[in-house]
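Here's the structure, in C-alpha cells; my notes come after.
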Amino acid sequence: MTAPSTFGLSSEARNLHWLLTNLVEEVPGILSVAVVSSDGLLLLSSDETLARARSGPTPQGRGPRGSSADLATVVSGIGSLTVGASKLMDYGPVKHTMVAMDEGSLFVMSISDGSLLGVHGSADCDMSVVAYHMALFVGRAGHVLTPELRSELRRNQETAKGAEHESAGSPR
C-alpha cells in the first residue's frame, strides 16, 4: 500500500520512499534518516515512517531535536567537511563517514552527484548492520536519483512542510 505522502509521485519517487521505509523498518536502532541533496536540502526523511511505527512522537532527548530536518543539516555539514578534507588530502571522494557517540551513532554515506544518506542510530544499534543496509539503499537509489527526481522530492518536502504548518496553525 502506498503511504499518503507518496500520492501523486512518480514511480521512482515512490520507490525511494519504499526503500527508505524498508531501511527504517528492517534495521533495529535507527532513530532518524535523511536523504540530502548536494546543496543541503532535505529530499526524503523518515519522520512520517518512524511516527507511524512508534505511534507517537520521538521520545524526548532522542534524535537530533527529534526531526529529520535537523539531521539533514548535520549530514550536510559533515558531508561538506569531509569533502573538503578529502580534497585537501587528495585521497579521492568520500564514501562514508561514521561518528560514534556515547549514546548513539551518526552515519553519512554518499549516494550520487553529491547527495547523501544520513542515519542517526541508537547506542545499541549494530553499526555493521546499519552500514550494510545503508549500502544497499545507496546501491538501489543512486542510479535513479536524477536531477528531475531530486526536484520532485524537494517539491514534495515543501508541500508536506506547508501542510504541516497549516495543520499546526489551525484550531482543534
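The sequence shown begins at 60 in our numbering and counts up by one. We treat Cβ as the ideally placed atom computed from N, Cα and C, and that holds for glycine.
Cα-Cα separation between residue i and residue j, rounded to whole angstroms
| i | j | result |
| --- | --- | --- |
| glycine 88 | methionine 186 | 9 Å |
| histidine 192 | threonine 80 | 12 Å |
| methionine 148 | histidine 76 | 36 Å |
| serine 96 | leucine 204 | 10 Å |
| leucine 100 | arginine 213 | 8 Å |
| glycine 67 | serine 169 | 28 Å |
| glycine 180 | valine 134 | 13 Å |
| lysine 146 | histidine 202 | 24 Å |
| glutamine 216 | threonine 156 | 25 Å |
| glycine 198 | aspartate 161 | 30 Å |
| threonine 132 | glycine 177 | 10 Å |
| valine 188 | threonine 141 | 23 Å |
| alanine 219 | valine 167 | 24 Å |
| glycine 143 | valine 153 | 10 Å |
| leucine 82 | serine 91 | 11 Å |
| serine 114 | valine 86 | The predicted position of serine 114 is uncertain, since its pLDDT is 49 and thus under 50; a value taken from the coordinates is nonetheless stated next. When rounded, the distance between both Cα atoms is 18 Å. |
| aspartate 183 | asparagine 74 | 29 Å |
Contact check, residue i vs residue j, beta carbons under 8 Å
| i | j | result |
| --- | --- | --- |
| alanine 93 | leucine 130 | yes |
| leucine 78 | alanine 194 | no |
| leucine 175 | glycine 138 | yes |
| glutamate 71 | leucine 208 | yes |
| serine 127 | serine 104 | yes |
Endpoints, the alpha helix (DSSP H) within which residue i is located
| i | result |
| --- | --- |
| isoleucine 137 | 127-148 |
| alanine 194 | 186-200 |
| leucine 82 | 70-85 |
Bridge partners - residue i, DSSP secondary structure assignment
| i | result |
| --- | --- |
| threonine 156 | Val167 |
| alanine 93 | Ser104, Gly177 |
Cβ-based burial, residue i [other Cβ within 10 Å; buried from 16]
| i | result |
| --- | --- |
| phenylalanine 196 | buried |
| arginine 231 | Only weak support exists for where arginine 231 lies, its pLDDT of 45 falling under 50; the coordinates are left without a value. |
| proline 163 | Here residue 163 turns out to be glycine, not proline, going by the sequence shown. Its Cβ being crowded by 16 or more others within 10 Å, glycine 163 is buried. |
| leucine 102 | buried |
| aspartate 98 | exposed |
| aspartate 106 | buried |
| serine 210 | exposed |
For residue i, the first and last residue of its enclosing beta strand (DSSP E)
| i | result |
| --- | --- |
| serine 181 | 175-181 |
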